[in-house]
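S.K.:
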Amino acid sequence: MNVDLEEFRTAFVAEADEHLAAAQSLLLAMDRTLKERSGDGVQRELRELLRLLHTVKGLSAMVGVEPIVSLSHEMESVLRTAERGGGIVDEPTIEALLEGTRAIQSRVRAVAENRPVPAPAADLLAALRRLEPPAPASLGEIKITDEVAAKLGASEREQLRSGARAGRRALRVDFMPSASQAAAGVSITTIRERISTLGEIVKVVPLSPAGGLVFALVVLTNATNEQITEATGIEAVTELMAPSAPVPATFEPEVEKEEEATTEGARGVLRVDVGRVDAAIELLGTLVVTRSRMALAVDRLEKAGADTRELRAIMTDHARQLREVRSAILRVRMVPMTAVVERLPLVVRGLARTNRKKVRVLVDVASAELDKTVAERLFPALVHLVRNCIDHGVELPADRVKAGKSEEAVLRLEGTTRDRMVELRISDDGRGVDRAAVAARAGKPVPATDAELLDLLCRPGLSTRAEADTTSGRGLGMDIVRKVVQRLGGELTLETTAGQGTTFRVRVPLTVAIVDAFTVRSGGERFAVPVPIVEEIVELASERVVNGPSARLLARRGETVPLFNLAQALSLPNRSEPPQALVVRGSGGELVAYAVDRVLGQQEIVVRPLTDTLVASGAISGSTDLGDGRVTVVLDLLALRAA
Amino acid sequence: MTNLVKAPDSNTLVKDDTRLFVVFRVDDVDYALPASDVLQMESFTGATAVPGTASFVRGIVQLRGRVVPVVDLRLRFGLAPREPTLESRVVVAESNNRAVALLADTAREVVRIPEESEKPPPALASEGGFVRSIVQLPERTILVLDFERVIGDV
Numbered sequence: 001m002n003v004d005l006e007e008f009r010t011a012f013v014a015e016a017d018e019h020l021a022a023a024q025s026l027l028l029a030m031d032r033t034l035k036e037r038s039g040d041g042v043q044r045e046l047r048e049l050l051r052l053l054h055t056v057k058g059l060s061a062m063v064g065v066e067p068i069v070s071l072s073h074e075m076e077s078v079l080r081t082a083e084r085g086g087g088i089v090d091e092p093t094i095e096a097l098l099e100g101t102r103a104i105q106s107r108v109r110a111v112a113e114n115r116p117v118p119a120p121a122a123d124l125l126a127a128l129r130r131l132e133p134p135a136p137a138s139l140g141e142i143k144i145t146d147e148v149a150a151k152l153g154a155s156e157r158e159q160l161r162s163g164a165r166a167g168r169r170a171l172r173v174d175f176m177p178s179a180s181q182a183a184a185g186v187s188i189t190t191i192r193e194r195i196s197t198l199g200e201i202v203k204v205v206p207l208s209p210a211g212g213l214v215f216a217l218v219v220l221t222n223a224t225n226e227q228i229t230e231a232t233g234i235e236a237v238t239e240l241m242a243p244s245a246p247v248p249a250t251f252e253p254e255v256e257k258e259e260e261a262t263t264e265g266a267r268g269v270l271r272v273d274v275g276r277v278d279a280a281i282e283l284l285g286t287l288v289v290t291r292s293r294m295a296l297a298v299d300r301l302e303k304a305g306a307d308t309r310e311l312r313a314i315m316t317d318h319a320r321q322l323r324e325v326r327s328a329i330l331r332v333r334m335v336p337m338t339a340v341v342e343r344l345p346l347v348v349r350g351l352a353r354t355n356r357k358k359v360r361v362l363v364d365v366a367s368a369e370l371d372k373t374v375a376e377r378l379f380p381a382l383v384h385l386v387r388n389c390i391d392h393g394v395e396l397p398a399d400r401v402k403a404g405k406s407e408e409a410v411l412r413l414e415g416t417t418r419d420r421m422v423e424l425r426i427s428d429d430g431r432g433v434d435r436a437a438v439a440a441r442a443g444k445p446v447p448a449t450d451a452e453l454l455d456l457l458c459r460p461g462l463s464t465r466a467e468a469d470t471t472s473g474r475g476l477g478m479d480i481v482r483k484v485v486q487r488l489g490g491e492l493t494l495e496t497t498a499g500q501g502t503t504f505r506v507r508v509p510l511t512v513a514i515v516d517a518f519t520v521r522s523g524g525e526r527f528a529v530p531v532p533i534v535e536e537i538v539e540l541a542s543e544r545v546v547n548g549p550s551a552r553l554l555a556r557r558g559e560t561v562p563l564f565n566l567a568q569a570l571s572l573p574n575r576s577e578p579p580q581a582l583v584v585r586g587s588g589g590e591l592v593a594y595a596v597d598r599v600l601g602q603q604e605i606v607v608r609p610l611t612d613t614l615v616a617s618g619a620i621s622g623s624t625d626l627g628d629g630r631v632t633v634v635l636d637l638l639a640l641r642a643a
Numbered sequence: 644m645t646n647l648v649k650a651p652d653s654n655t656l657v658k659d660d661t662r663l664f665v666v667f668r669v670d671d672v673d674y675a676l677p678a679s680d681v682l683q684m685e686s687f688t689g690a691t692a693v694p695g696t697a698s699f700v701r702g703i704v705q706l707r708g709r710v711v712p713v714v715d716l717r718l719r720f721g722l723a724p725r726e727p728t729l730e731s732r733v734v735v736a737e738s739n740n741r742a743v744a745l746l747a748d749t750a751r752e753v754v755r756i757p758e759e760s761e762k763p764p765p766a767l768a769s770e771g772g773f774v775r776s777i778v779q780l781p782e783r784t785i786l787v788l789d790f791e792r793v794i795g796d797v
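Residue numbers (my numbering), protein chains in the order written: chain A, 1 to 643; chain B, 644 to 797.
This is the structure:
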């Protein structure tokens, strides 16, 4: 939009909104007419709609919003055709027109918020155009656009084509088996069963992308992607065919793709690839490094006698703004806790049924939110705790009645947020943990406190099952649950009262930073170094090392790289001549090498900040648990150089 | 500080002039912290050294999922270092949202101390400001630590 048209913006948005709202209620009225008295013409409504859309087109042309002009133009053509055809419209036409008005609305919002206005989605335009000459008989060629296409035989392709011609959608549903799903009783068999209630499974293609196994189910269905996701819990549902044939109403509702309209139609929801958010956080990291260099420069200025008061004040503002930007970006990664917890009642239902127990689930997580990564890693642990409550805690209905309780047990899932931590409580009103039985199994004295009891429960391989049951031996052990929670920087606690019930309490940080890291040994200590900053790992024996007067130099590929002993740089007792070195590239592009005793391996780590003033230091980006229960320091080698 | 508690048989408040303290030994001297500030006591199995910290910081340990710094009280008090033994304990205390573990030679007691026996330290012998008060009991003397001082001023 031109700057001199800025003042018309508000007026444009208000007027367009009004016309669009009127158009939508007209379309809905037409839809009702169609359903109640099919065959009746809707001439009057069509003419009114034409008028409204024509006005929207005119307004948009005036302020130069081309995408809305072309959308409303296509819709107008559809309406003219229908008007000339005796005022008869069918359901797909109304559907497409509604879709069109929603697409225009989202673009009006873009104008209102001064964002770039996206071009109309090609499939929506195509769908509208297809409606213009009413229902052409010819079918375009259906293209199968997917890697699984290569795995399909001729008869399967034909099956897909004829299914699509009959108006069904060809989808690919990706099921990725995992320990957590196995724990929840979900396997390829159960997925097959669930999908076959919604459509026809043409083929199941096993694929093995890097480091995993995926079953791609090729499905013909009338169901929407949402219905499939709801039935299976799988979100990886993709369209298999490029619909070039006039398959009515098979286009994805456009608003879903780019911006989900909220009921208030206010701001909308944006779906963003997590990778983009992570990239932003990484960039922010480089900004923080630049900031520490800036701080050093100010220090030097001050030492040189310059008046740095104003600079210092700016630096303070800058630090605060950096923190704010960081938390704003991190907020994008937050998911509502309901999204995590809402899948648990389903798990409960299945477990209760196989165990012949009656369980009512009460969920209260209010508006608590947590980081998507935390949510994903925590979910299997939560499933296990729920399983534990139902397997061990909840009694059989008859036993409950004998104990003077109601037949139906109550399982509570509660969540709250406090002090940058989210606390989830899973509690049952069952029989409580049998201390004596746990102690006997572990071969230990009966624990006096709940904390000691939990320690016993978390001994690897401990099973407290009194009787063999169908779910035994599956899923994670309590030791794994506690490890998952602790690796996230959290805490697992237990409260149990005989005859009254058990509460598991999981406290984890709202957000975590997860990075790929090298683990190295230097000066007798173990450290983690994030992989992205490491350019290369070199064997010093096969490199040319020059002992210069002030520093050692590593000559490689025509470049001379300063070589420091990491142990020395960290003032650690330095025992040996290190054989390996990490070559690190700083933000300015310059290389530095740090010699270490040994590169131990590479793994994904959860970085927990070390904030206490006793241990906070520029060269340390935090601590992590590599999985052995000990703390490992995560080094920031870039900051080490600046320091 | 005086705690007011309810008398068992009435609704009137009565004065309870005692406080619970966790007592630990460093170099044969008894030190204490109010039990209300102490989160937990654990045996010491070694800490992860953190480069670039003060000499009295042993490193960090993970206790019940929480990562806390360990202050070696011997080094903090300027005493000769000693290798930890099976008797060594960390006393984890919290103040102003900072949890820090204090490494002591032993720790095994919780003592109820009458309030009137807690006295301010003599000005010239406050162990570098680390002692907040001195408790004189008939059979022993306990130095109550100023936790914030012990973990501050790096």
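Ideal Cβ placement from N, Cα and C applies to all residues, glycine included.
1. Among B:T784, B:L729 and B:V735, which has the Cα closest to the Cα of B:Q802?
2. So that I know if they touch, is there some Cβ in chain B lying closer than 8 Å to that of A:L614?
3. Beta-carbon within less than 6 Å of A:I191's beta-carbon, same chain only, minus the 5 sequence neighbours each way: which residues are those?
4. What are the partner residues of B:L786, as DSSP defines its beta bridges?
5. Quick one: which unbroken beta strand (DSSP E) runs of 3-plus residues sit fully inside the stretch 420 to 447 of chain A? Chain order, please.
6. Using only the alpha-carbon positions, how far apart do A:A183 and A:N222 sit?
7. List the residues of chain A that B:R709 touches, going by C-beta distances under 7 Å, in chain order.
8. Is A:T189 near the ligand COA, going by C-beta to nearest heavy atom under 7 Å?
9. Just to check my reading of the structure: A:V520 and B:V693 have Cβ atoms closer than 8 Å, yes? What is that Cβ distance to the nearest angstrom?
10. Chain B partners of A:A619, CB-CB under 8 Å?
11. Of all the residues that make up the stretch 719 to 750 of chain B, which are near chain A by a beta-carbon distance shorter than 7 Å?
12. In terms of residue numbering, what span does the alpha helix (DSSP H) encompassing A:N225 cover?
13. Measure the Cβ-Cβ separation of A:L213 and A:V204 and say whether it is below 8 Å.
14. Report yes if the C-beta distance between A:Q580 and A:I537 is below 8 Å; otherwise report no.
15. Rounded to a whole number of angstroms, what is the C-alpha to C-alpha distance between A:V332 and B:T749?
16. Please report the straight-line C-alpha distance between A:V631 and B:L716, rounded to a whole angstrom.
17. Taking 8 Å as the CB-CB cut-off, is B:P764 touching chain A?
18. What would DSSP say about B:M684, mapped onto helix, strand or coil?
19. In angstroms, rounded to a whole number, what distance separates the CA positions of A:T229 and A:L610?
20. Count Cβ pairs between the stretch 121 to 131 of chain A and the stretch 51 to 61 of chain A that sit closer than 8 Å; are there 3 or more?
21. Cβ of B:V700 less than 8 Å from any chain A Cβ?
22. Mapping DSSP to helix, strand and coil, what is A:N114?
23. Could you please tell me which residues of the stretch 550 to 571 of chain A, in chain order, have their CB closer than 7 Å to any CB of chain B?
24. Can we say the stretch 388 to 401 of chain A touches the stretch 362 to 375 of chain A, given the rule of at least three CB pairs closer than 8 Å?
25. What are the boundary residues of the alpha helix (DSSP H) that A:L399 is part of?
26. Whose C-beta lies closer than 7 Å to the C-beta of A:R377 among residues of the same chain, with five residues either side of it excluded?
27. Would you tell me roughly how many angstroms separate the C-alpha atoms of A:R353 and B:E685, rounded to the nearest one?
28. Taking just the CA atoms, how far does A:G275 sit from A:A245?
29. I want to see whether chain B comes within less than 8 Å of A:R630, judged by CB atoms only; does it?
30. A:F564 bridges to which residues according to DSSP?
31. A:L160 and A:E239 - do their beta-carbons sit closer together than 8 Å?
32. I'd like to check one pair, B:L746 with B:V713: are the Cβ atoms closer than 8 Å?
33. Do the stretch 18 to 33 of chain A and the stretch 61 to 69 of chain A make contact, defined as three or more Cβ pairs closer than 8 Å?
34. Going by alpha carbons, who is nearest to A:G430 out of A:T449, A:M421, A:V219 and A:V410?
35. A:E395 and A:R505: beta carbons closer than 8 Å?
36. Could you pull out every residue in the same chain whose Cβ sits closer than 7 Å to the Cβ of A:S623, ignoring the five residues on either side in sequence?
M.R.: The answer reads as follows:
1. Beyond the ends of chain B as shown, which are 644 and 797, falls residue 802 of chain B; an answer cannot be given.
2. Yes, contact with chain B.
3. The residues are F175 and T232.
4. As DSSP reads the structure, B:L786 sits in a beta bridge with B:Y674 and B:I777.
5. Runs found: 421 to 428.
6. Linking A:A183 to A:N222 through their CA atoms gives a straight-line distance of about 30 Å.
7. Ordered by position in chain A, the residues that pass the 7 Å Cβ test against B:R709 are E491.
8. This structure does not include the ligand COA; it has no bound ligands of any sort.
9. Not a contact, Cβ separation roughly 16 Å.
10. Neighbours of A:A619 on chain B, chain order: P694 and G695.
11. For the stretch 719 to 750 of chain B, residues whose beta-carbon sits nearer than 7 Å to a beta-carbon of chain A comprise R741 and V743.
12. N225 to T232 is the span of the alpha helix (DSSP H), which, as asked, contains A:N225.
13. Result no, Cβ atoms of A:L213 and A:V204 do not sit closer than 8 Å.
14. Yes, the Cβ-Cβ distance between A:Q580 and A:I537 is below 8 Å.
15. Cα to Cα, A:V332 sits roughly 48 Å from B:T749.
16. Computed Cα separation, rounded: 21 Å.
17. Judged by the 8 Å Cβ criterion, B:P764 is not in contact with chain A.
18. Judged by DSSP in its simplified three-state form, B:M684 adopts strand.
19. Each residue's alpha carbon lies about 40 Å from the other.
20. Too few Cβ pairs lie closer than 8 Å, so no.
21. Output row for B:V700: interface = yes.
22. The answer is coil: DSSP assigns A:N114 none of H, G, I, E or B.
23. Cβ proximity to chain B below 7 Å picks out L570 and S571 from the stretch 550 to 571 of chain A.
24. The answer is no - the stretch 362 to 375 of chain A does not touch the stretch 388 to 401 of chain A, with fewer than three Cβ pairs under 8 Å.
25. The sequence shown places Asp at residue 399 of chain A, rather than the Leu named in the question. Taken as a continuous stretch (DSSP letters only), the alpha helix (DSSP H) holding A:D399 covers P397 to K402.
26. Within the same chain, A:R377 has close Cβ partners V484 and L488.
27. So the two alpha carbons sit approximately 43 Å from each other.
28. For A:A245, the pLDDT reaches just 41, beneath the cut-off of 50, and the residue's location in the model is therefore unreliable, although a value from the coordinates is still provided. Looking at the two C-alpha atoms, the distance is approximately 34 Å.
29. Yes, because at least one Cβ of chain B sits closer than 8 Å to the Cβ of A:R630.
30. Bridge partners of A:F564: A:Y594.
31. Against a cut-off of 8 Å, the Cβ pair of A:L160 and A:E239 comes out as no contact.
32. Cβ distance < 8 Å, so B:V713 and B:L746 count as in contact.
33. Between the stretch 18 to 33 of chain A and the stretch 61 to 69 of chain A there are fewer than three C-beta pairs closer than 8 Å, too few to call the two in contact.
34. For A:G430, the closest alpha carbon among the candidates A:T449, A:M421, A:V219 and A:V410 is that of A:V410.
35. Contact flag unset, no.
36. The beta carbon of A:S623 lies closer than 7 Å to those of R608, L610, V631, T632, V633 and V634 in the same chain, with the five residues before and after it left out.
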